[in-house]
Amino acid sequence: MPTPSSFPSRWSDLPRRLTTIVIGAPLVYLILSHPVTAHLFFIGVHFISCVEWIRLSTGSVQEMVLLCSLSILTALASTSALNHICWMLSIFLIILCSFPAQPSSHLLIGFLILTSSMSSWYQVAKISVKHSISLLLIVWNCDTGALVVGRLLGGKRHSKIPWLHRISPAKSIHGLVGGLVFGVITCKYLVPLTWDWIIKNRYDIFFGADAEGDNDTKVFTWFFGMLISASALAGDLVESAIKRNCGQKDSSKLLPGHGGVLDRFDSSWLAIIVYQTWLVL
Numbered sequence: 002m003p004t005p006s007s008f009p010s011r012w013s014d015l016p017r018r019l020t021t022i023v024i025g026a027p028l029v030y031l032i033l034s035h036p037v038t039a040h041l042f043f044i045g046v047h048f049i050s051c052v053e054w055i056r057l058s059t060g061s062v063q064e065m066v067l068l069c070s071l072s073i074l075t076a077l078a079s080t081s082a083l084n085h086i087c088w089m090l091s092i093f094l095i096i097l098c099s100f101p102a103q104p105s106s107h108l109l110i111g112f113l114i115l116t117s118s119m120s121s122w123y124q125v126a127k128i129s130v131k132h133s134i135s136l137l138l139i140v141w142n143c144d145t146g147a148l149v150v151g152r153l154l155g156g157k158r159h160s161k162i163p164w165l166h167r168i169s170p171a172k173s174i175h176g177l178v179g180g181l182v183f184g185v186i187t188c189k190y191l192v193p194l195t196w197d198w199i200i201k202n203r204y205d206i207f208f209g210a211d212a213e214g215d216n217d218t219k220v221f222t223w224f225f226g227m228l229i230s231a232s233a234l235a236g237d238l239v240e241s242a243i244k245r246n247c248g249q250k251d252s253s254k255l256l257p258g259h260g261g262v263l264d265r266f267d268s269s270w271l272a273i274i275v276y277q278t279w280l281v282l
């Protein structure tokens, strides 16, 4: 358990985190509320993510231009099937190369991950603002749960798993469980309550099961929340491993207390593909 003297340093970034959330959350909602601005928003996220990805390995301007142009153009023209193939190829390369620092491998893995995930974001944003906001709520609260619980309980020796500690010294089993719980609770309760408050109307079957709803829908909602949360944690672990290999703590300092855009959207890398798959089934 962290000692009392360690709490000030552990939570020193909390004011900056809260300020960014208070300002950023309403702004993101307003931007995503219109299809045109939502599309431009995700193109901007895509562009900045590509820039930050190259900066992780101190790549050249030419590599930055190459990744930005090819990834954005490919994502805008890709399909769901291509997204799945890109993600599987990226995971295969990561395992095969053990998170290499070579510029060519880093560039290729970045292209596969960012292209597949952002392509799904473009397609989900076209469907409804509800889906975009709902997924962001789930993955970001999953991040929050992992951070809060990890900092509160992660200091215990038995919470450290060797392979997890090698990816990031700050990661712990308590953090992973906390992220999973926060994500599931958000999916089951916070998302429908949010839309009830905003539009005074229940969301669809994914998140809007009433108290008297049938058991199949309830079970599905819990399962769906666990699946999205697990996917969010996996995406976060992938980026943590890549940053550690590149010797970087954050992708940038663009978002005070949160790091860069890449750090905010890493949890959605796999989760958005899973989410889009459920939507089209």
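Take the sequence shown: its position 88, counted from the start at 1, is 89 in this note's numbering, and no numbers get skipped. Glycine included, each C-beta is placed from N, C-alpha and C at the ideal position.
Between the options, which lies nearest to residue i when the distance is taken from Cα to Cα?
{"i": "Ala-126", "options": "Phe-43, Val-281 and Val-29", "result": "Phe-43"}
{"i": "Ser-72", "options": "Ser-50, Ser-169, Gln-277 and Val-62", "result": "Ser-50"}
{"i": "Ile-273", "options": "Leu-137, Ile-243 and Leu-238", "result": "Leu-137"}
{"i": "Ser-129", "options": "Gly-25, Trp-196 and Lys-250", "result": "Trp-196"}
{"i": "Val-66", "options": "Leu-108, Trp-122 and Gly-179", "result": "Leu-108"}
{"i": "Phe-224", "options": "Phe-112, Ala-233, Cys-188 and Ser-252", "result": "Cys-188"}
{"i": "Leu-113", "options": "Arg-56, Leu-83 and Leu-33", "result": "Leu-83"}
{"i": "Leu-57", "options": "Tyr-30, Cys-69, Pro-36 and Ser-253", "result": "Ser-253"}
{"i": "Thr-21", "options": "Val-150, Gly-261 and Gly-45", "result": "Gly-261"}
{"i": "Ser-133", "options": "Phe-221, Ile-32 and Trp-164", "result": "Ile-32"}
{"i": "Arg-265", "options": "Met-227, Leu-148, Ile-162 and Leu-165", "result": "Leu-148"}
{"i": "Pro-36", "options": "Gln-124, Asp-267, Trp-141 and Gly-180", "result": "Gln-124"}
{"i": "Trp-141", "options": "Gly-184, Ala-76 and Leu-41", "result": "Gly-184"}
{"i": "Trp-122", "options": "Val-150, Tyr-30 and Ala-39", "result": "Ala-39"}
{"i": "Ser-120", "options": "Thr-75, Gly-151 and Gly-176", "result": "Thr-75"}
{"i": "Tyr-30", "options": "Ser-135, Ile-243 and Leu-263", "result": "Ser-135"}
{"i": "Tyr-276", "options": "Lys-131, Leu-255 and Ala-26", "result": "Lys-131"}
Whole angstroms is fine: what's the gap from residue i's alpha carbon to residue j's?
{"i": "Ala-235", "j": "Leu-271", "result": "7 Å"}
{"i": "Trp-54", "j": "Ile-186", "result": "31 Å"}
{"i": "Cys-143", "j": "Ala-171", "result": "16 Å"}
{"i": "Lys-250", "j": "Ile-174", "result": "20 Å"}
{"i": "Gly-60", "j": "Pro-257", "result": "24 Å"}
{"i": "Val-182", "j": "Gly-146", "result": "7 Å"}
{"i": "His-85", "j": "Ser-91", "result": "10 Å"}
{"i": "Val-52", "j": "Trp-198", "result": "37 Å"}
{"i": "Glu-240", "j": "His-259", "result": "14 Å"}
{"i": "Ile-139", "j": "Pro-193", "result": "12 Å"}
{"i": "Leu-153", "j": "Thr-278", "result": "35 Å"}
{"i": "Cys-247", "j": "Ser-106", "result": "12 Å"}
{"i": "Thr-222", "j": "Ser-118", "result": "23 Å"}
{"i": "Val-178", "j": "Ser-169", "result": "16 Å"}
{"i": "Leu-191", "j": "Arg-17", "result": "24 Å"}
{"i": "Leu-94", "j": "Ile-110", "result": "7 Å"}
{"i": "Val-281", "j": "Met-227", "result": "19 Å"}
{"i": "Ser-232", "j": "Leu-115", "result": "15 Å"}
{"i": "Leu-28", "j": "Ser-34", "result": "10 Å"}
{"i": "Arg-167", "j": "Leu-19", "result": "29 Å"}
{"i": "Ser-13", "j": "Gly-151", "result": "15 Å"}
{"i": "Leu-238", "j": "Cys-87", "result": "18 Å"}
{"i": "Arg-245", "j": "Leu-165", "result": "12 Å"}
{"i": "Asp-267", "j": "Gly-180", "result": "14 Å"}
{"i": "Thr-80", "j": "Leu-263", "result": "22 Å"}
{"i": "Pro-163", "j": "Ser-269", "result": "25 Å"}
{"i": "Leu-255", "j": "Ala-26", "result": "16 Å"}
{"i": "Ser-70", "j": "Ile-243", "result": "22 Å"}
How far does the alpha helix (DSSP H) with residue i in it extend, from its first residue to its last?
{"i": "Thr-38", "result": "36-57"}
{"i": "Thr-80", "result": "Here Thr-80 belongs to no alpha helix (DSSP H), and DSSP marks it neither H nor E."}
{"i": "Leu-271", "result": "269-281"}
{"i": "Asp-264", "result": "262-266"}
Counting C-beta neighbours from all protein chains within 10 Å, is the total for residue i 16 or more, i.e. buried, or is it exposed?
{"i": "Met-89", "result": "exposed"}
{"i": "Ile-229", "result": "buried"}
{"i": "Ala-78", "result": "exposed"}
{"i": "Gln-63", "result": "exposed"}
{"i": "His-47", "result": "buried"}
{"i": "Leu-68", "result": "buried"}
{"i": "Ile-24", "result": "exposed"}
{"i": "Leu-41", "result": "exposed"}
{"i": "Gly-45", "result": "exposed"}
Write down every uninterrupted run of the beta strand (DSSP E) in the region 117-193 whose length is 3 residues or greater and which is fully enclosed by it, in chain order.
none
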